[in-house]
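A.B. asks:
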Amino acid sequence: MTTFGVNAFGVGRGPQRFATMTELAREAEDIGCTAVWTSELYSRSATVPMAALAAGTSTIRIGSNIAYGVGRSPLMCAAEARDLDELSGGRIILGIGNGTPKMMEAWHGVPGEAPAARMAELLTVLKALWRLHEGPVHHDGRFYHVHISPTSDVPEPIRPEIPIWIAGVNKLMLRTAGELADGLVGHPMYTAEYVRGPVADEIATGAALSGRDPAEVTIMGIRMCAINDDVELARRQAAYAIGQYAASRVYDRLFALHGWSAAQQRIREAARDRDSEALISAVTDDMIDTIAIACRPAEFPAALAAIPDGFDHLDLIAPPWGLSDHETRAINAEILAGLRSHLAHTVSV
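For the sequence shown, my numbering assigns the number 5 to the initial residue and increments by one for each residue that follows.
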């Protein structure tokens, strides 16, 4: 059965945003969500809000969707994860990713080449550093060089392992998830067809490399939800966000799978011309209905129930592009209200 979570990224403004995020997490915890997620971008950290959420909740799992592994040294990534897991009492999911090759280079100052190989090496080093209490860690690889011999006792982490989920869309990163990760952090563009087809195939290929069952890899989806009594406005909000992602070539395989390549080209042309209206118009109704949820509040619980199988966990988010803080918070309130109804019904039956 699919479990559900909510995302606290982009909730609130200024110093009060941490209290606002914690309030969202507590309500999600109360209604039966299994996780609350943070994210980061060029101006926000994922891990600092995770600390606030850990301190303000008691049972819900707290995950990063995603933290940039490429933007941290392995040592600091592992150290932050240890502290967060201790603060939360063992409730952390470490979701990490690289971003696109262009982001790796322009934002983090590292070469954008071989992102999957870099991620595979990072996972190996992180797992070794998690066991630093057992002895020195020495690693010389293609991307990372780590030599640590502790000069004093290192406390044992409160869990023998921390769940590490990695973000991926295309073949090599999906295989890396299958081979080495505990979970796959999906993307708002993920459709059930893409997950049941290319994603499942590549996870299985990667799992075979390490001799494990592909079912050991938790597959997480991210579903954009635009909820408004004005359903046309909701659909425009969803279309605008889809268009922002569709302009990237990262998602070509997904769009080709659904027969959307021609529409994707029109989206790219509109994005190049910075024509928002043309971009929204180029996003088809089929794209909106397959990728996102765009509906009135009263229709949202039924829309949740109609999501096709394929995901182990779904993170429900407001469209991450083009919304004001007020609009984002209003949608989050509707997400929680709809989840309350959906989860109560699921438990009762």
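Note that the Cβ used here is the ideal one computed from N, Cα and C, for glycine as well.
Am I right that Asn69 and Asp319 are in contact with their C-beta atoms under 8 angstroms? What's the rounded C-beta distance?
C.D. replies: That belief holds up - the Cβ atoms of Asn69 and Asp319 are roughly 6 angstroms apart, short of 8 angstroms.
A.B. asks: Which of the three DSSP states is assigned to Asp319 in this structure?
C.D. replies: Strand, per DSSP.
A.B. asks: Considering only the alpha carbon of each residue, which of Ile170, His143, Gly139 lies closest to Ser156?
C.D. replies: For the residues Ile170, His143, Gly139, the minimum Cα distance to Ser156 belongs to Gly139.
A.B. asks: Output needed for Ala298: all residues of its chain with C-beta closer than 6 angstroms, excluding positions within five of it in sequence on either side, in chain order.
C.D. replies: Answer for Ala298: Ala230, Ala238, Arg239, Ala242, Ile292, listed in chain order.
A.B. asks: Phe8 lies in the beta strand (DSSP E); which residues open and close that run?
C.D. replies: Unbroken beta strand (DSSP E) run through Phe8: 7-11.
A.B. asks: Who are the Cβ neighbours of Ala85 in its own chain at under 6 angstroms, not counting the five residues just before and after it?
C.D. replies: Leu98, Ile166, listed in sequence order.
A.B. asks: Can you name, in chain order, every residue of its own chain whose Cβ lies under 6 angstroms from the Cβ of Glu206, other than the five neighbours on each side?
C.D. replies: Correct list, in chain order: Lys175, Leu178, Arg179.
A.B. asks: For Val1, list the residues DSSP reports as bridge partners.
C.D. replies: Nothing can be reported for residue 1: it is not among the residues displayed for the chain, which extend from 5 to 353.
A.B. asks: For the segment 28-48 against the segment 132-150, do three or more pairs of beta-carbon atoms, one drawn from each stretch, fall closer than 8 angstroms, so that the two count as touching?
C.D. replies: No contact exists between the segment 28-48 and the segment 132-150.
A.B. asks: Rounded to whole angstroms, how far is the Cβ of Leu79 from the Cβ of Leu133, which I believe are closer than 8 angstroms?
C.D. replies: Indeed they touch by this definition, with Cβ atoms about 6 angstroms apart.
A.B. asks: When the distance is taken between beta carbons, is Met123 closer than 7 angstroms to Leu88?
C.D. replies: Cβ atoms of Leu88 and Met123: not closer than 7 angstroms.
A.B. asks: Using the DSSP secondary-structure output, state which residues sit across from Gly187 in a beta bridge.
C.D. replies: Per DSSP, Trp169, Thr222.
A.B. asks: Taking the straight line between their C-alpha atoms, what separation do you get for Leu126 and Val10?
C.D. replies: Whole-angstrom Cα-Cα distance: 27 angstroms.
A.B. asks: Going by Cα to Cα distance, which pick from Met25, Thr61, Thr63, Arg30 is closest to Ala50?
C.D. replies: Ala50 has its Cα closest to that of Met25, out of Met25, Thr61, Thr63, Arg30.
A.B. asks: Quick check on the DSSP output: what are the complete beta strand (DSSP E) runs of length 3 or more inside the segment 29-104, in order along the chain?
C.D. replies: Listed in chain order, the complete beta strand (DSSP E) runs (minimum 3 residues) inside the segment 29-104 are 39-42, 65-68, 96-101.
A.B. asks: How many whole angstroms separate the CB atoms of Arg300 and Val235, which I take to be in contact at a CB cut-off of 8 angstroms?
C.D. replies: About 5 angstroms; that satisfies the 8 angstroms criterion.
A.B. asks: Compare the C-alpha of Ala322 against each of Tyr194, Met228, Gly201 and name the closest.
C.D. replies: The candidate whose alpha carbon is nearest that of Ala322 is Met228.
A.B. asks: Can you give me the C-alpha to C-alpha distance between Ala120 and Phe304, rounded to a whole angstrom?
C.D. replies: Distance between the alpha carbons of Ala120 and Phe304 is about 37 angstroms.
A.B. asks: If you draw a straight line from the C-alpha of Pro324 to the C-alpha of Ala245, how long is it?
C.D. replies: Taking the straight line joining both Cα atoms gives about 7 angstroms.
A.B. asks: Between Asn261 and Glu220, how many whole angstroms is the CB-CB distance? I'm expecting something under 8 angstroms.
C.D. replies: The question names Asn, but residue 261 is Leu in the sequence shown. At roughly 25 angstroms, the Cβ-Cβ gap does not stay under 8 angstroms, so Leu261 and Glu220 are not in contact.
A.B. asks: Using CA atoms only, rank isn't needed, just tell me which of Ala56, Gly187, Ile226 is closest to Leu308.
C.D. replies: Out of Ala56, Gly187, Ile226, Ile226 has the C-alpha closest to the C-alpha of Leu308.
A.B. asks: In whole angstroms, give me the CA-to-CA distance for Thr332 and Glu160.
C.D. replies: Spanning the two alpha carbons is a distance of roughly 40 angstroms.
A.B. asks: Which ranges does the alpha helix (DSSP H) cover as unbroken runs of at least 4 residues, wholly within the segment 229-314, from first to last along the chain?
C.D. replies: The segment 229-314 contains these whole alpha helix (DSSP H) runs: 235-250, 256-261, 265-276, 280-286, 289-295, 304-309.
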